[in-house]
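Residue numbers (the working numbering), protein chains in the order written: chain A, 31 to 143; chain B, 39 to 155.
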Amino acid sequence: GNSVTQMEGPVTLSEEAFLTINCTYTATGYPSLFWYVQYPGEGLQLLLKATKADDKGSNKGFEATYRKETTSFHLEKGSVQVSDSAVYFCALIAFTGGFKTIFGAGTRLFVKA
Amino acid sequence: GAVVSQHPSWVICKSGTSVKIECRSLDFQATTMFWYRQFPKQSLMLMATSNEGSKATYEQGVEKDKFLINHASLTLSTLTVTSAHPEDSSFYICSARDKTILYNEQFFGPGTRLTVL
């Protein structure tokens with residue numbers, strides 16, 4: 031079945047450090063890929079998305095590229111801020127999954143000043 | 039942009055009572071809505087898929103008599119937690135699928151925190 035695997039957290043970085051959160055997926059067909067962010071006590075916000083191979087999603091300095099050959103969608107940011115501290119979820123939607131969103135386990139990011 | 043609201047945002051109830059949570063798509067029609075449950079520091083667990091005008095499809099292990107879902111219109115789905123108990127305390131999040139968007143992105147509500155005493 032369809033699944034998403036992302037790196038375990040927590041990830042602790044100093045402000046202005048480079049961020050990478052790895053995400054790989056298993057899916058039949060051509061899924062759409064997403065990164066969501068959840069701030070403490072809040073719901074999910076869509077951070078970025080990519081709907082086909084080689085697409086790059088970007089938003090607020092974050093970016094991720096849909097790599098079909100490696101079935102990956104790693105999240106990156108060149109310089110993190112304290113305000114980026116949150117939980118990040120990688121997710122996919124596939125036709126073969128009945129269009130259900132399949133989430134990774136989430137990666138908690140702490141950014142220190 | 040597409041907005042999904044939930045009401046209430048938080049609720050505290052006594053054990054044995056029932057609680058209804060509403061999920062509304064404010065500016066689009068949602069033929070399908072999804073209900074998730076999230077325990078502290080965990081990922082979202084899909085509970086059920088709600089289709090307008092038909093019965094909800096529940097995921098394995100989710101009690102349909104415990105979690106009643108009604109999708110009465112293209113903009114409203116409700117989740118009723120019947121005879122709630124402390125173990126039902128959780129963060130409940132709904133999402134809605136805009137049928138006009140090709141890649142089937144879902145839009146998430148802000149969540150409802152349920153605490154059962």
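Glycine included, C-beta positions come from ideal geometry on N, C-alpha and C.
Taking one beta carbon from each stretch, the segment 93–103 of chain B and the segment 33–46 of chain A have fewer than 3 pairs nearer than 8 Å; the two do not touch. Of all residues in the segment 86–115 of chain A, none has a C-beta nearer than 9 Å to a C-beta of chain B.
The C-beta distance from Val-117 of chain A to Gly-136 of chain A rounds to 5 Å, short enough to meet the 8 Å contact threshold. Here Glu-72 of chain A carries a coil assignment [DSSP, helix/strand/coil]. Shown in chain order are the members of the segment 79–109 of chain B whose Cβ falls below 7 Å from a Cβ of chain A: Ser-81, Leu-82, Leu-84 and Thr-87. Exposure of Gly-59 of chain A is indicated by the presence of fewer than 16 other C-beta atoms within 10 angstroms of its C-beta. Sequence-distant partners of Cys-51 of chain B (beyond 5 residues in either direction) whose C-beta falls short of 8 Å from its own C-beta, in its chain, are Val-57, Ala-122, Leu-152, Thr-153, Val-154 and Leu-155.
The beta-carbon of Glu-60 of chain B is placed no less than 8 Å from the nearest beta-carbon of chain A. Collapsing the DSSP output to three states places Glu-143 of chain B in coil.
Contacts between Phe-66 of chain B and chain A, judged by CB atoms closer than 9 Å, are missing: the closest CB pair is about 15 Å apart. Between Ser-63 of chain B and Val-42 of chain B, the alpha-carbon positions lie close to 5 Å from each other.
With a threshold of 8 Å between beta carbons, Ala-135 of chain A makes contact with chain B. Against Lys-130 of chain A, the close residues of chain B are Phe-72, Leu-84 and Thr-87, in the order they occur along the chain (beta-carbon pairs closer than 8 Å).
The shortest CA-to-CA distance from Ser-88 of chain A to any of A:Glu-106, A:Gln-75, A:Val-110 and A:Gly-71 is the one to A:Glu-106.
Where Ser-111 of chain B is concerned, the enclosing beta strand (DSSP E) starts and stops at 105–111. Of the candidates A:Gln-36, A:Phe-48 and A:Glu-93, A:Phe-48 places its Cα closest to the Cα of Gln-111 of chain A. Of all residues in the segment 64–79 of chain A, only Glu-72, Gly-73, Leu-74 and Lys-79 place a beta-carbon less than 7 Å from a beta-carbon of chain B.
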